[in-house]
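> Protein chains in written order, with this note's numbering: chain A, 295 to 873; chain B, 185 to 616.
What follows is a structure written as structure tokens; I'll ask about it next.
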């Protein structure tokens with residue numbers, strides 16, 4: 295036999311950038327990195343603002359394109375004890391600029407700007423938000439109006455917005471996404487992605503099965519012990535069907551029986567006393583023989599009006615989803631084959647052949663979906679055509695695609711209640727649940743509301759200084775306009791949801807059980823203990839969480855929080871709520 | 185910034201000035217969850233400032249940990265790391281710059297934080313944790329670990345458990361341990377001998393199953409099989425005697441080319457330089473944000489332990505950011521048969537017809553043992569000893585004997601390994 299001649303590969307070691315970013319490219323690959331490098335992030339910072347700076351640190355290191363900090367304050371002694379990106383010489387200087395100087399050292403590639411402006415002024419001119427691809431807003435803002443304006447503008451311009459609070463041992467963030475935010479590359483657990491389509495084999499697979507299992511009993515021990523396990527399953531499925539009205543094992547009991555049938559096929563008179571490939575086959579029975587089904591996420595996509603009625607203005611996502619839905623309908627509920635094959639005991643050549651059979655089928659399914667996409671494009675008059683790679687990515691991950699429906703961030707005002715509409719039904723019982731972290735979210739809302747109240751008093755009565763303001767607020771406590779200690783606690787009662795306000799005779803919705811009320815009061819007391827200050831650890835931790843979510847939004851990979859997350863640094867717990 | 189009205193604020197009896205730091209807000213007032221007997225104020229603050237703490241690892245987690253501790257009021261911090269800075273560290277190890285590549289991680293990190301944060305003293309040690317003895321570890325109030333090696337975690341865990349003297353409460357050093365992989369990670373608080381230790385939890389961090397040698401040698405199917413073949417078999421064959429340096433680009437390129445040739449021979453797609461590096465160095469994806477989360481969680485627990493300002497984690501928090509944000513916070517149980525902190529031998533059902541060699545191979549794969557070069561003793565005699573050579577030669581014939589020829593049903597055996605300071609006790613139960 296002629297010796298295989300191998301052309302020596304061109305030596306292409308990794309580039310300098312690939313070396314530096316190696317550990318993250320293994321997570322989000324070159325396309326995720328490119329998205330990150332094109333992102334323009336805006337940070338509207340307030341308060342001690344460490345959480346905002348920590349988020350930026352975690353975005354600068356992996357190479358975000360550019361960012362701008364809006365912050366007009368000057369560095370105080372308090373900042374030095376909590377913010378790592380300042381030093382003693384920064385005292386008294388403009389905080390944003392000093393911070394930028396030290397952040398820039400982390401990654402010279404990132405473009406960094408600072409704007410000496412208050413968020414209030416910035417919010418007066420919201421069209422300036424247009425140029426950014428993502429906004430980070432740290433609360434509480436000066437008043438509810440500022441928050442409202444930024445949220446509205448971000449919503450209108452479909453710019454993702456994060457609203458973040460961090461005080462003492464607690465933190466919160468909410469994400470406001472565009473009304474439709476599709477994620478195709480969700481990175482599901484590899485173990486859950488294996489669609490081997492054993493209940494719907496196709497001719498090429500059956501042909502290969504036939505050549506490999508035709509004379510099963512007369513095979514040598516070596517060959518018998520190397521039949522890929524999925525061929526073993528297909529072989530015994532045929533035997534089973536012959537005695538079960540052509541039906542595959544359907545329930546747990548039948549699958550156990552089927553498993554025993556598979557196990558009985560293993561040779562045990564060999565030196566190992568069994569066969570690894572048969573062990574693999576038996577172990578795969580329960581998860582590999584489920585009739586085709588689709589995830590709830592994909593079902594929602596299929597049922598959406600946008601998927602069923604495509605038009606010339608439809609997003610790529612819907613055109614492809616529509617084509618896959620057609621595929622699903624015309625193939626009795628199966629999805630395009632992803633084409634990946636798990637590793638299994640087999641001869642190299644058999645495994646490669648099987649791998650090629652799966653890949654070929656995946657390609658032909660993809661071709662079918664692509665044909666539908668092309669004819670839809672023509673039908674609705676859509677141009678330019680969707681790239682093949684995008685269709686392919688959708689076909690590979692169809693089972694796991696997610697469509698997140700962005701919801702507006704709730705703004706707590708001192709003059710009006712929040713309209714919880716459909717959310718009240720979910721949130722109200724959750725508030726009564728012992729150990730729920732939802733009261734944390736309401737405490738931060740109450741803090742916003744309290745801030746809004748102070749701002750209004752300052753504008754209406756114009757107190758001379760903080761002391762005078764304190765006296766006014768204290769007067770309001772005495773008069774009952776604001777309930778007593780801690781002052782902002784009762785504010786929350788304006789904003790907690792009830793199921794049916796019309797049938798609730800109480801003027802303010804309230805926590806229905808004393809336990810829930812106590813939980814809430816304790817959260818407020820602990821927040822009050824921090825007196826508007828951040829703890830560096832909690833700010834750093836929250837900065838890490840938000841940065842992970844920002845990266846998911848920018849790369850459109852992995853599944854992000856939908857849409858509100860709280861962290862309790864006493865219990866070391868997080869919770870996510872759809873608000 | 186508007187403060188709460190003065191009459192609503194807790195009066196700070198022992199602090200005559202406004203807070204210098206936000207930390208003081210927390211440390212001068214009790215909270216609803218703090219212990220009713222806790223005394224806030226100067227005493228607590230000075231206890232925090234005088235706590236000498238040790239950080240093990242100055243990498244992705246370590247850089248964050250040093251920053252966090254310095255900004256949490258700790259004033260006397262020591263750090264150990266044996267590594268030097270590599271260019272691939274720069275995407276997350278934010279105390280290092282390109283000009284620092286090749287320098288000691290512990291030294292550069294310590295100098296940076298010391299310069300940035302006023303009043304903090306950081307003492308680096310560029311070396312191995314095994315270089316230090318009990319007397320050294322005894323000087324610290326607690327130990328915070330940001331490591332990527334299971335062996336090092338097990339070593340420090342066993343050392344700290346061993347140091348506990350029931351008569352001396354100061355000998356109990358809390359161990360706070362963090363670890364990350366991609367978007368996931370965990371933080372845990374270990375009070376040696378009081379609650380579940382790292383060894384008790386070892387089976388929660390099982391190593392990846394190794395590919396059998398025969399697959400690599402005869403029936404490769406995956407690109408990683410070709411790379412492992414180049415790594416384990418081809419290198420031995422062609423460059424015998426040379427020590428493989430996974431940081432040497434020439435070595436990696438050589439392995440990559442061998443793996444690629446083998447893959448072409450078997451028509452296996454997917455061998456790349458990056459994958460070669462990943463498989464050979466067992467690279468775990470790592471990003472700044474996950475390190476930030478886990479390191480801050482560890483330091484927040486360290487702060488709570490040092491100050492008692494709030495209850496601390498009991499004892500494990502798992503974080504996952506792959507799908508939304510998910511944490512699972514729970515208490516892991518101490519194991520009575522833990523080889524480090526327990527007293528009982530662990531029951532192990534074995535096939536009496538298994539040879540001693542097979543038994544040893546099996547020990548290497550067991551999640552709770554993960555031993556590489558074990559030495560085994562029965563109650564009566566030495567079954568197999570790695571060292572010294574004379575004893576190894578003397579006991580080698582036992583390797584091919586069946587277990588039933590060497591021990592009786594229910595007999596206890598001791599297993600030790602040069603990588604660890606502890607011995608495992610197993611009670612062998614004969615079964616099928």
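Built from N, CA and C at the ideal position, the CB exists for glycine as well.
Identify the contact partners of residue 462(B) in chain A, using a Cβ-Cβ distance below 8 Å as the criterion.
320
> Across the stretch 669-676 of chain A and the stretch 511-527 of chain A, are there enough close Cβ pairs to call them in contact, namely three or more that are closer than 8 Å?
no
> Can you name the start and end residues of the alpha helix (DSSP H) that residue 482(B) belongs to?
472-491 is the span of the alpha helix (DSSP H), which, as asked, contains residue 482(B).
> Once DSSP output is grouped into helix, strand and coil, what is the label at residue 538(B)?
In this structure, residue 538(B) counts as coil in the three-state DSSP scheme.
> Compare the C-beta of residue 305(B) against all C-beta atoms of chain A and say whether one is closer than 8 Å.
Chain A, which has no Cβ nearer than 8 Å to the Cβ of residue 305(B), makes this no.
> Which residues in the same chain have their Cβ closer than 7 Å to the Cβ of residue 564(A), if we skip the five residues on either side of it in sequence?
515
> Would you decide whether residue 483(A) is buried or exposed? Buried here means 16 or more other CB atoms lie within 10 Å of its CB.
exposed
> The alpha helix (DSSP H) that contains residue 830(A), what's its start and end?
Element bounds for residue 830(A): 830-849.
> Measuring CA to CA, which of 742(A), 497(A), 738(A), 842(A) is closest to residue 862(A)?
738(A)
> What distance in whole Å lies between the Cβ atoms of residue 864(A) and residue 467(A), which are believed to be in contact at a cut-off of 8 Å?
Contact flag wrong, Cβ pair sits at about 18 Å.
> Would you check if the distance between the CB atom of residue 255(B) and the CB atom of residue 301(B) is smaller than 8 Å?
Cβ distance < 8 Å, so residue 255(B) and residue 301(B) count as in contact.
> So what's residue 333(A) in DSSP terms, helix, strand or just coil?
coil
> Can you give me the Cβ contacts of residue 615(B) inside the same chain, cut-off strictly under 6 Å, excluding the 5 residues immediately before and after it?
The residues are 533.
> Measure the CB-CB distance between residue 833(A) and residue 344(A) and report whether it falls below 8 Å.
yes
> Do residue 408(B) and residue 373(B) come within 8 Å of each other at the CB atom, strictly closer than that value?
no
> Using Cβ-Cβ distances below 9 Å, what residues of the stretch 832-853 of chain A are close to chain B?
832, 833, 834, 835, 836, 837, 838, 839, 840, 841, 842, 843, 844, 845, 846, 852, 853
> For residue 487(B), which residues in chain A fall below 7 Å Cβ to Cβ?
Those are 831, listed as they occur along chain A.
> Which first and last residues belong to the beta strand (DSSP E) in which residue 459(A) is found?
In the DSSP assignment, residue 459(A) falls within the unbroken beta strand (DSSP E) covering 455-461.
> What does the Cβ neighbour count give for residue 612(B), buried or exposed, with the cut at 16 atoms within 10 Å?
buried
> Residues of the stretch 277-288 of chain B with a CB closer than 8 Å to any CB of chain A: list them in chain order, please.
278, 281
> For a test of the three-state rule: what should DSSP assign to residue 777(A), helix, strand or coil?
Note that residue 777(A) has pLDDT 37, beneath the 50 cutoff, so the model's placement of it is unreliable and the number below is only indicative. Assigned with DSSP and collapsed to three states, residue 777(A) falls in coil, not helix or strand.
> What residue range is occupied by the uninterrupted beta strand (DSSP E) comprising residue 859(A)?
858-862
> Distance cutoff 8 Å, beta carbons only. Does residue 412(B) sit that close to anything in chain A?
no
> With respect to the beta strand (DSSP E) encompassing residue 374(B), which residues constitute its N-terminal and C-terminal limits?
368-374
> Which term fits residue 373(A), buried or exposed, when burial requires 16 or more other beta carbons within 10 angstroms of its beta carbon?
buried
> Note down, in chain order, every chain B residue with its Cβ under 8 Å from the Cβ of residue 342(A).
206
> Does the beta-carbon of residue 673(A), which I'm using as the reference point, lie nearer than 7 Å to any heavy atom of the ligand FAD?
Absence of the ligand FAD is noted for the structure shown, with no ligands found whatsoever.
> Which residues mark the beginning and the end of the beta strand (DSSP E) in which residue 867(A) is found?
867-871
> Where residue 704(A) and residue 336(A) are concerned, what is the direct C-alpha to C-alpha distance, given to the nearest angstrom?
20 Å
> Residue 356(A) touches chain B at which residues, Cβ-Cβ below 9 Å?
Simply 275, 276, 471, 472, 473.
> Would you tell me roughly how many angstroms separate the C-alpha atoms of residue 572(A) and residue 730(A), rounded to the nearest one?
47 Å
> Which residues share a DSSP beta bridge with residue 364(B)?
369(B), per the DSSP bridge assignment.
> Could you check where the beta strand (DSSP E) with residue 562(B) kicks off and where it finishes?
559-562
> Residue 850(A): which of 558(B), 338(B), 507(B) sits nearest, CA to CA?
507(B)
> Going along the chain, which residues of its own chain have a beta-carbon closer than 7 Å to the beta-carbon of residue 332(A), five neighbours each way excluded?
Only 359 meet the Cβ criterion.
> Can you pull the chain A neighbours of residue 326(B), defined as C-beta to C-beta under 8 Å?
None at all; the shortest Cβ gap to chain A is about 15 Å.
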